[in-house]
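S.K.: Same order as they appear, the protein sequences are chains A and B.
For my numbering, count along the first sequence from 1 and bump the result up by 365.
For my numbering, count along the second sequence from 1 and bump the result up by 365.
Each residue gets a CB set at the ideal place from its N, CA and C atoms; glycine is no exception.
There are 2 protein chains.
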Amino acid sequence: MATNKARRVTMSDVARHAGVSRTTVSFVLNERADAGIPEETRLRIRASIEELGYRPNAGARALAAKRSEWYGLITEIVTAPFAVDVIKGAQDRAWADGKFLLITAGDRDRAMEAAAFDKLLEQRAEGLLYATTWHRAVTLPPAAREVPVVLVNCFDADGALPSVVPDEVAGGHTATRRLLDAGHRRIGFINLDTGIPAAVGRRQGYEQALREAGLDIDDSLVVPGHATADGGYAAACELLDREGDRPTALFCGNDRMAMGAYDAIKERGLRIPDDIAVIGFDNQELIAAYLRPGLTTVALPFEFMGAKGVDMLGALTAGQPLDTTQMKVDCPLIERSSV
Amino acid sequence: MATNKARRVTMSDVARHAGVSRTTVSFVLNERADAGIPEETRLRIRASIEELGYRPNAGARALAAKRSEWYGLITEIVTAPFAVDVIKGAQDRAWADGKFLLITAGDRDRAMEAAAFDKLLEQRAEGLLYATTWHRAVTLPPAAREVPVVLVNCFDADGALPSVVPDEVAGGHTATRRLLDAGHRRIGFINLDTGIPAAVGRRQGYEQALREAGLDIDDSLVVPGHATADGGYAAACELLDREGDRPTALFCGNDRMAMGAYDAIKERGLRIPDDIAVIGFDNQELIAAYLRPGLTTVALPFEFMGAKGVDMLGALTAGQPLDTTQMKVDCPLIERSSV
DNA sequence: GCGCTTTAGTAACGCGCGTTAGTACGATGT
DNA sequence: ACATCGTACTAACGCGCGTTACTAAAGCGC
Numbered sequence: 366m367a368t369n370k371a372r373r374v375t376m377s378d379v380a381r382h383a384g385v386s387r388t389t390v391s392f393v394l395n396e397r398a399d400a401g402i403p404e405e406t407r408l409r410i411r412a413s414i415e416e417l418g419y420r421p422n423a424g425a426r427a428l429a430a431k432r433s434e435w436y437g438l439i440t441e442i443v444t445a446p447f448a449v450d451v452i453k454g455a456q457d458r459a460w461a462d463g464k465f466l467l468i469t470a471g472d473r474d475r476a477m478e479a480a481a482f483d484k485l486l487e488q489r490a491e492g493l494l495y496a497t498t499w500h501r502a503v504t505l506p507p508a509a510r511e512v513p514v515v516l517v518n519c520f521d522a523d524g525a526l527p528s529v530v531p532d533e534v535a536g537g538h539t540a541t542r543r544l545l546d547a548g549h550r551r552i553g554f555i556n557l558d559t560g561i562p563a564a565v566g567r568r569q570g571y572e573q574a575l576r577e578a579g580l581d582i583d584d585s586l587v588v589p590g591h592a593t594a595d596g597g598y599a600a601a602c603e604l605l606d607r608e609g610d611r612p613t614a615l616f617c618g619n620d621r622m623a624m625g626a627y628d629a630i631k632e633r634g635l636r637i638p639d640d641i642a643v644i645g646f647d648n649q650e651l652i653a654a655y656l657r658p659g660l661t662t663v664a665l666p667f668e669f670m671g672a673k674g675v676d677m678l679g680a681l682t683a684g685q686p687l688d689t690t691q692m693k694v695d696c697p698l699i700e701r702s703s704v
Numbered sequence: 366m367a368t369n370k371a372r373r374v375t376m377s378d379v380a381r382h383a384g385v386s387r388t389t390v391s392f393v394l395n396e397r398a399d400a401g402i403p404e405e406t407r408l409r410i411r412a413s414i415e416e417l418g419y420r421p422n423a424g425a426r427a428l429a430a431k432r433s434e435w436y437g438l439i440t441e442i443v444t445a446p447f448a449v450d451v452i453k454g455a456q457d458r459a460w461a462d463g464k465f466l467l468i469t470a471g472d473r474d475r476a477m478e479a480a481a482f483d484k485l486l487e488q489r490a491e492g493l494l495y496a497t498t499w500h501r502a503v504t505l506p507p508a509a510r511e512v513p514v515v516l517v518n519c520f521d522a523d524g525a526l527p528s529v530v531p532d533e534v535a536g537g538h539t540a541t542r543r544l545l546d547a548g549h550r551r552i553g554f555i556n557l558d559t560g561i562p563a564a565v566g567r568r569q570g571y572e573q574a575l576r577e578a579g580l581d582i583d584d585s586l587v588v589p590g591h592a593t594a595d596g597g598y599a600a601a602c603e604l605l606d607r608e609g610d611r612p613t614a615l616f617c618g619n620d621r622m623a624m625g626a627y628d629a630i631k632e633r634g635l636r637i638p639d640d641i642a643v644i645g646f647d648n649q650e651l652i653a654a655y656l657r658p659g660l661t662t663v664a665l666p667f668e669f670m671g672a673k674g675v676d677m678l679g680a681l682t683a684g685q686p687l688d689t690t691q692m693k694v695d696c697p698l699i700e701r702s703s704v
C-alpha cells in the first residue's frame, strides 16, 4: 500500500538512467528494426528498464499511437457457464494476435449494457465482441456503430452486423443421425418450447436426418417442453406413457431437459441406454458429465465461436472485408454412455 | 465499418462548435461547481457534445488526471459458475461507486496470469481484485505489489494481502444445525477429500454443532470422497450400507456429491427427505435447483464477496486503513425440499 | 584533404485532456 | 471617479508516449 502516492517510473527516467534520449528508449521498446540501435545500447536500456521497474503507460501509448491494441467483450454473465467458454476462446485467440481482451458483464439491465458500450468506447477499444448465452436476435445500442463489432451466438435483427452462430440445423441432424446409426427408428424429440432459432433449427435437422434415413415424420413424437429439468421430465413422461409403441430413443433439446428425462426413465424402471437411448444438447459439463450414465450430447462450440469472433474482429479492424456476414459453425457430438 | 479512419471528435471540436474555450468544456464535463459556468453556456456545450457525438478519451483523461477510475478483476474462468457471481457482485458495487470494472481470465497458465497482471497495470488500473473458484491459498506474481489488491475467495500464503473469504466453519455449522433442528441425530458427513480450507472448516463446524447439541462425535460417520457425483455416490453407498444403524441425514461437502448421493439413495428405494434428509454445499443452481427433490444447501456468498472486495479496494485506494486483513462472510442456508 | 554514405542517435511536435494562474468586464460601494 | 469584487471565462503547461525530421560523428574511396 506504500506505493500509492509514489510517482511511477516513466520512459524519461529510463532514458536518464541509461544515458540516452527518450526517443531511443522508445525505439528499443517498440523494437523498431530501422534506425538501428546497437546491441550494446539495447541491452543497457533493457537493464535500466528492469532495474527501475519501468512499466509502460498503455493510456499514453494509445494516445500517441492512436491505437489501443485491445478488444472489448460484452457478454451476458448468467449462471450458465456458456459465457465462460466464449471468453476462453476469445481471450486465447486475442492473446495469440498480440491483442488484449477486456470483459464486461452486460446483462444487468439495458442501461447498464449501454453504459458498458460507452465505457469500452471511451477506453478506445479497437473492436467489440458481443456475446449472448442463447442463440437469438439482438439489437445493440447505437454506440455500437462507432467501432467494428462482431456478434457471437446472436445476430443483428437487421442483418447489418457480422456474426458467428452455431449451425442448429446441422446440430439437430448430428444428434438424430447418431441415434439412427445406433439402430433406433422411433426417436422422440423433446424440443425447446418456442420459436427461437435453436428450436426451429434443431427440429429441421431432426426431420432432415429422418427423411434421409427413409423414415416418415411422426409429429406426435415431437413434444415441446419448458427448457428445464421439470419440463424435460414432463415431456419425457408424455412420450414414454403414450398409446402405441413408445420411442426407443429421446433427443432432448438441452441437457437440463435430458436430466429430467433421466428421472422419468428411471422411475419407470427402464435403463439407459439399454432400454432407451438419450441424447442431449449443449454439453453442459456440470450436468452431462455427472449424470449417470454420462450423457451423450451435442456441444455448442462456444470456445470456437469466441475465437472465430476475434478473428473476424481482427480482419475488420485491419480494414479487410469479411467473406460472409454470418458464419455458422458446427456443433460436435460428445460421446458418453447414454446411447 | 466506414467510421474506421475518421478522426474522432475531440474536446477542441466541441469547444469550437460551442464557441467557448476547451477549458470551459472540460469544466462542464467534470461538473466543477467552483468557477461557475452559467446555465445557458452549460446547455449550449451539452448540446454541442450531443450534436457532434463527442465521447471523452479515457486514456487521455487518465493521463492528465492521473487516475483511471477503474478496477481490474482477475479470475479463474472455469466451467463452474462461481466466478460469474463474483463478477456480478463486484461489477454492481463498482458501478455504484462510479468506478468501472474490467475483467480478465487468469487461469490458462501461470505465464498468462502474470501477463494479465502486467496488462492491467499498464492500463493503470487503480486496484485489482483477484478471485478464485475454490477457497485456497495463492501466491501472486510480484507485479501485484504495485497497486492495491484484494483477494476474493482465497488468501495470501504469507498473509500480507487483504482478502475476503467464506466462513467455512460457520457454513458447516449452519448445515449441521439445520439437520439437527429437523430432528436428526445420526448425521453422515461426506466431506471433501483433502486438507483444503473448505474440508477443514466445514468439518469443524459440523463437529461444533453436534457438540452444542450434546451429541458425541462418531468419526465413522465422516467419509471423505472425491468432489464429484461419483465420489458422492461412493461415499453415500458406504454410509448407507454400513453395519449398525445408518444415518438419517447426509451432509454433503458440495452439491455435486449430493447429486451422487441422491442416486445412491434412490437406488436403495429410499425417499428424500422422508427416509433420508440431504443437505449440500455451494448452492450450484444448475444442480441444486434441478435435482428432484430440490436440494437444500448452503450457499457460498460469491456475489457478496465480490461486492465486499470492491469496497475494500475502494478504501485502500482512498488510503484508508482496513480494520481486518481477512474478512469472513457468512454462508446462508438455501431451503429447498431435501430436508 | 574532401565529399559521400552509414551509424547512432536526438530535438521537437502533438496525441486529448485536467488544471492552475490569470484576465477582461460589469456591478457595487463610497 | 476610483478602488473592489465577483462573474465568466481563457492561455498555457504538462501528463507519458510515438514519430518525424534532423544532426553529429565515424568510415570510406580517391
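(1) Less than 8 Å between C-beta atoms, sequence neighbours within five positions excluded: which residues of the same chain meet that for Val588(A)?
(2) Confirm, please, whether the CB-CB distance from Ile402(A) to Thr389(A) is below 8 Å.
(3) Listing by chain order, which chain B residues have their CB less than 7 Å from the CB of Lys464(A)?
(4) Buried or exposed for Lys673(B), please, with buried defined as at least 16 other CB atoms from any protein chain shown within 10 angstroms of its CB.
(5) State whether the stretch 419-436 of chain A contacts the stretch 412-429 of chain B, with contact taken as three or more CB pairs (one from each stretch) at a distance under 8 Å.
(6) What is the rounded straight-line gap between the Cα of Gly536(A) and the Cα of Leu698(A)?
(7) I'd like to know whether the C-beta atoms of Ala594(A) and Gln456(B) end up nearer to each other than 8 Å.
(8) Based on DSSP bridge pairs, tell me the residues matched to Met692(A).
(9) What does Asn422(A) touch in chain B if you count any residue whose Cβ is under 8 Å from its own?
(10) Is there a Cβ of chain A sitting closer than 8 Å to that of Asp628(B), yes or no?
(11) By the criterion of Cβ-Cβ separation under 9 Å, what are the contact partners of Met477(A) in chain B?
(12) Scan the stretch 580-648 of chain B and note each continuous beta strand (DSSP E) run of 3 residues or more that stays entirely inside, going in chain order.
(13) Out of Asp378(A), Leu505(A), Gly597(A), point me to the one whose CA is closest to Ala476(A)'s CA.
(14) To the nearest whole angstrom, what separates the beta carbons of Met692(B) and Val529(B), a pair I think is in contact under 8 Å?
(15) Distance check for Phe667(A) and Thr375(B), CA to CA, integer angstroms please.
(16) Kindly confirm or deny that the stretch 515-523 of chain A and the stretch 539-552 of chain A touch, where touching means at least three C-beta pairs closer than 8 Å.
(17) Any idea what DSSP makes of Thr368(A), helix, strand or coil?
(18) By the 10 Å Cβ neighbour count, where 16 or more other Cβ atoms means buried, how is Thr497(A) classified, buried or exposed?
(19) In chain order, which beta strand (DSSP E) runs of at least 3 residues are fully inside the stretch 397-426 of chain B?
(20) Could you run through the stretch 644-668 of chain B and flag, in chain order, every residue whose CB is less than 9 Å away from some CB of chain A?
(21) May I have a chain-ordered list of the alpha helix (DSSP H) segments no shorter than 4 residues that lie completely inside the stretch 459-542 of chain A?
(22) How long is the line joining the alpha carbons of Ala522(B) and Arg501(B), rounded to whole angstroms?
(23) Are Ile630(A) and Val704(A) touching if we call contact CB-CB under 8 Å?
(24) In chain B, which residues lie with their C-beta within 8 Å of the C-beta of Met624(A)?
(25) List, in chain order, every chain A residue whose beta-carbon is nearer than 9 Å to that of Ala592(B).
(26) Does any residue of chain B have a CB that is nearer than 8 Å to the CB of Thr690(A)?
(27) Nearest CA to the CA of Ile439(B): which residue from Val675(B), Cys696(B), Ala680(B)?
(28) Output yes if chain B places a C-beta closer than 8 Å to the C-beta of Asn369(A); else output no.
(29) Of all the options Glu533(A), Asp472(A), Ile452(A), Val534(A), which has the alpha carbon lying nearest to the alpha carbon of Leu494(A)?
(30) Here's the rule I'm using: 16 or more other beta-carbon atoms within 10 Å means buried, otherwise exposed. How should Thr539(A) be labelled?
(31) With a 10 Å radius around its C-beta and 16 neighbouring C-beta atoms as the bar for buried, classify Leu651(A) as buried or exposed.
(32) Going by beta carbon distance, what residues of the same chain come within less than 7 Å of Phe392(B), once the five residues before and after it are set aside?
(33) For chain B, check one thing: does any of its Cβ atoms lie closer than 8 Å to the Cβ of Asn619(A)?
(34) Leaving out the 5 sequence neighbours to the left and right, which residues in its chain are closer than 7 Å to Met366(A) when beta-carbon positions are compared?
(35) In angstroms with no decimal places, state the Cα-to-Cα distance between Leu575(B) and Gly463(B).
(36) Would you say Ala470(A) lies against chain B (beta-carbon separation less than 8 Å)?
M.R.: Reading off the structure:
(1) The residues are Gly553, Phe554, Ile555, Asn556, Ala600, Glu603, Leu604.
(2) Taking 8 Å as the cut-off, the Cβ atoms of Thr389(A) and Ile402(A) count as close.
(3) Near Lys464(A) there are no residues of chain B at all, since even the closest Cβ is about 10 Å away, more than 7 Å.
(4) Label assigned to Lys673(B): buried.
(5) Yes, the stretch 419-436 of chain A is in contact with the stretch 412-429 of chain B.
(6) Taking the straight line from one Cα to the other gives about 8 Å.
(7) Their beta carbons are not under 8 Å apart, which means Ala594(A) does not touch Gln456(B) by this criterion.
(8) In DSSP, Met692(A) forms a bridge with Val529(A).
(9) Going along chain B in sequence order, the residues near Asn422(A) (Cβ under 8 Å) are Leu428, Glu487, Arg489.
(10) Any Cβ of chain A closer than 8 Å to the Cβ of Asp628(B) would place that residue at the interface, and such an atom is present.
(11) Per Cβ cutoff of 9 Å: Gln456, Asp457, Trp460.
(12) Fully enclosed beta strand (DSSP E) runs of 3 or longer: 587-590, 614-617, 642-647.
(13) Looking from the CA of Ala476(A), the closest CA among Asp378(A), Leu505(A), Gly597(A) belongs to Leu505(A).
(14) Met692(B) to Val529(B), Cβ: 4 Å. Contact.
(15) Those two C-alpha atoms are separated by around 38 Å.
(16) Cβ pair count under 8 Å is below three, so no.
(17) Residue confidence for Thr368(A) is low, a pLDDT of 37 falling below 50, so the modelled location carries little weight and cannot support an answer.
(18) Buried, since its Cβ has 16 or more Cβ neighbours within 10 Å.
(19) Qualifying beta strand (DSSP E) stretches: none in this window.
(20) So the list reads Gln649, Glu650, Leu651, Ile652, Ala654, Tyr655, Leu656, Arg657, given in the order they occur along the chain.
(21) List check, alpha helix (DSSP H) in window: 475-487.
(22) Distance between the alpha carbons of Ala522(B) and Arg501(B): 9 Å.
(23) No.
(24) One finds Tyr655 in chain B with Cβ atoms closer than 8 Å to the Cβ of Met624(A), taken in chain order.
(25) Simply none; closest approach about 11 Å.
(26) Not one chain B Cβ lies under 8 Å of Thr690(A).
(27) With distances taken between Cα atoms, Ile439(B) lies closest to Val675(B).
(28) For Asn369(A), the pLDDT reaches just 41, beneath the cut-off of 50, and the residue's location in the model is therefore unreliable, leaving the point undetermined.
(29) When only C-alpha atoms are compared, the closest one is Ile452(A).
(30) With 16 or more other Cβ atoms inside 10 Å of its own Cβ, Thr539(A) counts as buried.
(31) It is buried - the Cβ of Leu651(A) has at least 16 other Cβ atoms within 10 Å.
(32) Excluding sequence neighbours, Phe392(B) sits near Ala400, Ile402.
(33) Output row for Asn619(A): interface = no.
(34) Note that Met366(A) scores 35 on pLDDT, short of 50, meaning its location in the model is unreliable and no value can be drawn from it.
(35) Approximately 46 Å between the Cα atoms of the pair.
(36) Interface residue, yes.
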